[in-house]
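Worksheet for the structure shown next.
Number of protein chains: 2
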Amino acid sequence: MADIVSLQRLIEEFRKMPSVGLKSAERFAYYVLGLDDNQVKSLTDAINNAHEKIHTCSVCCNLTEDEKCNICNNPKRDSSVICVVENPRDITAFERTHEYRGVYHVLHGVMSPMNGIGPNDIRIKELISRLSDDTVNEVIMATNPTAEGEATAMYISKLLKPMGIKVTRLAYGVPVGSDLEYADEVTLSRALDGRQLL
Amino acid sequence: MADIVSLQRLIEEFRKMPSVGLKSAERFAYYVLGLDDNQVKSLTDAINNAHEKIHTCSVCCNLTEDEKCNICNNPKRDSSVICVVENPRDITAFERTHEYRGVYHVLHGVMSPMNGIGPNDIRIKELISRLSDDTVNEVIMATNPTAEGEATAMYISKLLKPMGIKVTRLAYGVPVGSDLEYADEVTLSRALDGRQLL
Chain A
1 MADIVSLQRL IEEFRKMPSV GLKSAERFAY YVLGLDDNQV KSLTDAINNA
51 HEKIHTCSVC CNLTEDEKCN ICNNPKRDSS VICVVENPRD ITAFERTHEY
101 RGVYHVLHGV MSPMNGIGPN DIRIKELISR LSDDTVNEVI MATNPTAEGE
151 ATAMYISKLL KPMGIKVTRL AYGVPVGSDL EYADEVTLSR ALDGRQLL
Chain B
199 MADIVSLQRL IEEFRKMPSV GLKSAERFAY YVLGLDDNQV KSLTDAINNA
249 HEKIHTCSVC CNLTEDEKCN ICNNPKRDSS VICVVENPRD ITAFERTHEY
299 RGVYHVLHGV MSPMNGIGPN DIRIKELISR LSDDTVNEVI MATNPTAEGE
349 ATAMYISKLL KPMGIKVTRL AYGVPVGSDL EYADEVTLSR ALDGRQLL
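Chains A and B are the protein sequences, given in the same order.
Under the working numbering, the first residue of the first sequence carries the number 1, and numbering increases by one thereafter.
Under the working numbering, the first residue of the second sequence carries the number 199, and numbering increases by one thereafter.
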């Protein structure tokens, strides 16, 4: 099939998508060839619409089609607590708990010197500017428990502490329902360190 | 993110692609949101172009942008031997061997009563009509070695034999470079049945 230019181009486009190798890209391309005109229009319209309509919330940098996202727009949310996450998908995870009533701030990434991503490449500035009016009591750092997520949380907490804001971090420990036998040493020792009175 | 209509629609579109679950579809959607205008145009153009330009070869039903595919158009190919395959990707596999000099016929599927796919839903008619002018000496059945591939090969060979055409089937056996210890019983007994004099 290497001679069909338009097929090759489509396969290359699909290969650019995250975790898509040659075989998957080929399958996706053959899937497109099997669609009828309406289905192709539906796919390309969805791509164009999402790309055109979705941008970041003017307050928390979450994704939205409006000026503010539905969480920042909700008067019942407690805007004195800000949970700082790496990306919009993390918000979905927190919302599923139905526990958290504060608001969020999306960094859109973490600092990663190895990949040339510094503090100015993620939405730290926007977070700082939200804290200037003294209505925020607590900032919960909820970046991923990875080396880069940790470093980013530490960096931000050092910026915020001089401003007199309480900065907290998610608890580390063994996941609920997991098997201790398979817990890694670091998680287990963090769970020991953070042990609580029964 | 469940509230962002255009994002949900895009995720649903991606979920329709083969072997794409919710997590992958979400990753693809976020990938699209991260693209700039030119990159989005490049993706949608590739989809539209492939969909508009590619159709099946008027002779062998392989995919092509022209009236005939490059194999049917090649005068050096031996058009007296037709290798019957399930889909265009199988042709790529045969071409990689650089051994086969005949032509192909693409069925675009196999008969599958369980899924309601009968002989009229795949390109059997087109194969029969190619055999009417007495120039074809041999038809090699190269459908997949699955139950459905086998049944389709048997069905077609029963149609062709009364026409006095030699119908052959790919050899079964242990794959080159594999470990006999892990060969399944069926493959191994087929390899025994097909043993050849050294």
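Cβ coordinates follow ideal geometry from the N, Cα and C atoms, glycine included.
In this text, all values refer to a predicted model and were calculated from it rather than measured experimentally.
Practice prompt. Kindly provide the ranges of any alpha helix (DSSP H) runs that are 4 or more residues long and lie completely inside the stretch 273 to 345 of chain B, ordered along the chain.
Written response: Counting only runs of 4 or more, we get 286 to 295 and 322 to 328.
Practice prompt. For Thr168(A), collect the residues of the same chain with a Cβ closer than 8 Å to its Cβ; drop the 5 residues on either side in sequence, then sort them by chain order.
Written response: If you ignore the 5 residues before and after Thr168(A), its C-beta comes within less than 8 Å of the C-beta of Glu138, Val139, Ile140 and Met141, all in its own chain and listed in chain order.
Worksheet item: Under a Cβ-count criterion, where at least 16 other Cβ atoms within 10 Å of its own Cβ denotes burial, should Thr290(B) be classed as buried or exposed?
Response: Burial call: exposed.
Discussion item. Taking only three categories from DSSP, how would you classify Lys356(B)?
Written reply: Looking at Lys356(B) - three-state DSSP - the assignment turns out to be helix.
Fill in: First through last residue of the beta strand (DSSP E) which encompasses Arg169(A)
Residues Lys166 to Arg169.
Discussion item. I'd like to know if the stretch 156 to 167 of chain A and the stretch 114 to 134 of chain A are in contact, where contact means that at least 3 CB-CB pairs between them fall below 8 Å.
Written reply: Enough Cβ pairs lie closer than 8 Å, so yes.
Worksheet item: If you follow the alpha helix (DSSP H) that Leu202(B) is part of, which residue opens it and which one closes it?
Response: Inspection of the sequence shows that residue 202(B) is occupied by Ile rather than by Leu. Premise fails: Ile202(B) is in no alpha helix (DSSP H) and is neither H nor E.
Fill in: Cutoff 7 Å; reference His306(B); Cβ partners in own chain excluding five residues on either side
Here the set comprises Cys259, Asn285, Ile320 and Arg321.
Discussion item. I'd like to know if the stretch 241 to 255 of chain B and the stretch 4 to 15 of chain A are in contact, where contact means that at least 3 CB-CB pairs between them fall below 8 Å.
Written reply: Counting Cβ pairs under 8 Å, three or more are found: they touch.
Practice prompt. Would you tell me roughly how many angstroms separate the C-alpha atoms of Val176(A) and Ala183(A), rounded to the nearest one?
Written response: Each residue's alpha carbon lies about 11 Å from the other.
Worksheet item: Do Cys267(B) and Leu261(B) have their CB atoms nearer than 9 Å?
Response: Yes, these two residues count as a Cβ contact at 9 Å.
Worksheet item: Terminal residues of the continuous alpha helix (DSSP H) containing Arg190(A)?
Response: According to the DSSP assignment, Arg190(A) belongs to the alpha helix (DSSP H) that extends over Glu185 to Asp193.
Discussion item. Just verifying my parser: in three-state terms, what is the DSSP assignment at Leu261(B)?
Written reply: In the structure shown, Leu261(B) sits in a strand (DSSP, three-state: E or B).
Worksheet entry | Between the CA atoms of Arg27(A) and Pro18(A) - distance to the nearest angstrom | Their backbone Cα atoms lie some 15 Å apart in a straight line.
Fill in: In DSSP terms, what Thr199(A) is bridged to
Any property of residue 199(A) remains undetermined from this structure, which presents chain A solely from 1 to 198.
Discussion item. Quick check on the burial criterion: 16 or more other C-beta atoms within 10 angstroms. Buried or exposed for Thr143(A)?
Written reply: Burial call: buried.
Worksheet entry | Chain-ordered chain B contacts of Met17(A) [CB-CB under 7 Å] | Result: Phe226 and Tyr229.
Worksheet item: Going by beta carbon distance, what residues of the same chain come within less than 8 Å of Glu150(A), once the five residues before and after it are set aside?
Response: Listed in chain order, the non-local C-beta contacts of Glu150(A) below 8 Å within the same chain comprise Thr143, local neighbours out to five positions each way being set aside.
Worksheet item: Can you give the Cα-Cα distance for Ile4(A) and Val103(A), rounded to whole angstroms?
Response: Going by the C-alpha atoms only, they are around 51 Å apart.
Worksheet item: Could you give the residue range of the alpha helix (DSSP H) that holds Lys221(B)?
Response: Segment Leu220 to Leu231, the alpha helix (DSSP H) holding Lys221(B).
Discussion item. Can you look up Asp234(B) in the DSSP assignment and give me helix, strand or coil?
Written reply: If DSSP states are grouped into helix, strand and coil, Asp234(B) belongs with coil.
Discussion item. Distance check for His303(B) and Cys255(B), CA to CA, integer angstroms please.
Written reply: Answer to the nearest angstrom: the Cα atoms are 10 Å apart.
Practice prompt. Return the residues of the stretch 45 to 58 of chain A that lie within a Cβ-Cβ distance of less than 7 Å from chain B, sorted by chain order.
Written response: Contact residues of the stretch 45 to 58 of chain A toward chain B are Ala46, Ile47, Asn48, Asn49, Ala50, His51, Lys53 and Ile54 (C-beta to C-beta distance below 7 Å).
Item to complete: Quick one: using the 10 Å Cβ neighbour count with 16 as the cut-off for buried, is Met114(A) buried or exposed?
Response: So Met114(A) ends up on the exposed side.
Fill in: Member of Leu205(B), Asp288(B), Ser387(B) and Val334(B) whose CA lies at the smallest distance from the CA of Asp276(B)
It is Val334(B).
Discussion item. When you compare the CB positions of Ala223(B) and Val32(A), do they come within less than 9 Å of one another, or not?
Written reply: 9 Å or more divides the Cβ of Ala223(B) from the Cβ of Val32(A).
Item to complete: Answer yes or no: do Gly371(B) and Ala389(B) have a C-beta to C-beta separation smaller than 9 Å?
Response: Cβ atoms of Gly371(B) and Ala389(B): closer than 9 Å.
Fill in: Coil, strand or helix - Asn48(A) by DSSP
Asn48(A) sits in a helix when the DSSP states are folded into three classes.
Practice prompt. Could you check the C-alpha separation between Met352(B) and Gln394(B) for me, to the nearest Å?
Written response: Spanning the two alpha carbons is a distance of roughly 24 Å.
Discussion item. Quick check on DSSP: helix, strand or coil for Met17(A)?
Written reply: Looking at Met17(A) - three-state DSSP - the assignment turns out to be coil, as it is neither helix nor strand.
Worksheet item: Excluding sequence positions up to five away, which residues of its chain have a Cβ less than 8 Å from the Cβ of Ser112(A)?
Response: The beta carbon of Ser112(A) sits closer than 8 Å to those of Glu148, all from its chain and outside the five residues before and after it, given in chain order.
Fill in: Contacts that Val308(B) makes with chain A (C-beta to C-beta distance below 8 Å)
The contacting residues do not exist; Val308(B) stays about 15 Å from chain A at best.
Item to complete: Please list the residues of the stretch 148 to 164 of chain A that have a C-beta atom closer than 7 Å to any C-beta atom in chain B, keeping them in chain order.
Response: Legend: CB atoms of the stretch 148 to 164 of chain A lying less than 7 Å from CB atoms of chain B are not found in any residue.
Practice prompt. For Arg9(A), decide whether its Cβ has a neighbour in chain B, counting only Cβ atoms nearer than 9 Å.
Written response: Yes, contact with chain B.
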